[in-house]
Amino acid sequence: MQGLLIGLAIALLVGATALARPPLTKGVYSGVITVGRGAAGITLGMTRAQVIARLGRPFADNGREMDYIRLPPRYPSRGLFVIYLAKGRVHMVQTDGRPNSGWRLSDGNRIFDRGGFARLIHRYGRRLKLMRTEDGERYYQITSSLKGLTVWTDFWVWPLNSKGMVEGVDILFPPNVQGSRAGA
C-alpha cells in the first residue's frame, strides 16, 4: 500500500512539473522590429526566462542560441528569428524574412518587401552608415543606445538584390559592450 502511495505521489509531482513547463513556441514568423531595441517583443538585455515567458520555449536551444523558426523539410526558407544570449541575457536578435512575411519596422515599413530599403533610407537618411564585412559584403548600420549602452542595428542588403528589399536585420550590442548590464 505504501508503495502505491509513493508511486501516486511521484506521478502527481511529475504531472504538475510537466504542466508548469512553458509551452513550446508556435514560432515567430512576423512582428515589429524596433531599431536599437529588439524585435517581436524581445529587447536586448532581457533574461532567458523573460524571453521564454514572452515567446514560449524555442524550437532549438543550445544555451547560447534560441531558434524560434521551424524549417520543415521540403519547405522553402521561412526566414529566421534567432535570439543570442551572453551571460544569460539577450545580446543579439537576428531576423530575416521573405516578402509579405509581415515583418515591419516600428514606423510601419515592411522592409523585406519591394521598396523597403528605399523607405529605410528615406526614414533614417545619414544615420545609415555603409559598412563592409572582411570579405566585402555590404550592410548598413545605425548606432544608437539602450540603457546607456551602444547598440548596432545592421540591415543586410546583398548586391544581387534588385528589388530594393532588406534581406536581414541584426540588432546587437557590439562585441566590446557588456550587454549583461543592460537588464540590471
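Sequence positions in the sequence shown follow the working numbering and run 5 to 188.
Every residue gets a Cβ at the ideal spot worked out from N, C-alpha and C, and that includes glycine.
In this text the structure is predicted, and so the values were computed from the model without any measurement.
Checklist line | Under the three-state DSSP convention, the category alanine 188 falls into | finding: Model confidence at alanine 188 stands at a pLDDT of 46, short of 50, so the residue's coordinates are unreliable; what they give is reported in the following sentence. Three-state DSSP puts alanine 188 in coil, outside helix and strand.
Item checked: C-beta atoms of isoleucine 73 and valine 32 nearer than 8 Å -> Their beta carbons are under 8 Å apart, which means isoleucine 73 touches valine 32 by this criterion.
Note to self: Taking 8 Å as the cut-off, does the segment 81-91 touch the segment 60-72 (at least 3 CB pairs, one atom from each stretch)?
What the structure shows: yes
Margin query: Quick check: what's the CA-CA separation for isoleucine 175 versus histidine 126?
Written below: Near 20 Å, if we compare the C-alpha coordinates of histidine 126 and isoleucine 175.
Item checked: Rounded C-alpha distance that separates valine 51 from serine 110 -> At residue 51 the sequence reads threonine, which differs from the valine that was named. So the two alpha carbons sit approximately 23 Å from each other.
Notebook entry, point to check: Which value, in whole angstroms, describes the spacing of the CA atoms of glutamine 98 and glycine 83?
Noted result: 10 Å
Item checked: Start-end ranges of the beta strand (DSSP E) lying completely within the segment 18-58, minimum 3 residues -> 36-38
Checklist line | Cut-off 8 Å between Cβ atoms - residues of its own chain near leucine 132, not counting five sequence neighbours on either side | finding: Leu124, Ile125, Tyr144, Gln145, Ile146, Phe159
Note to self: So, at 6 Å on beta carbons, what are the nonlocal neighbours of glycine 101 in its own chain, with the 5 sequence-adjacent residues on each side left out?
What the structure shows: Gly83, Trp107, Phe116
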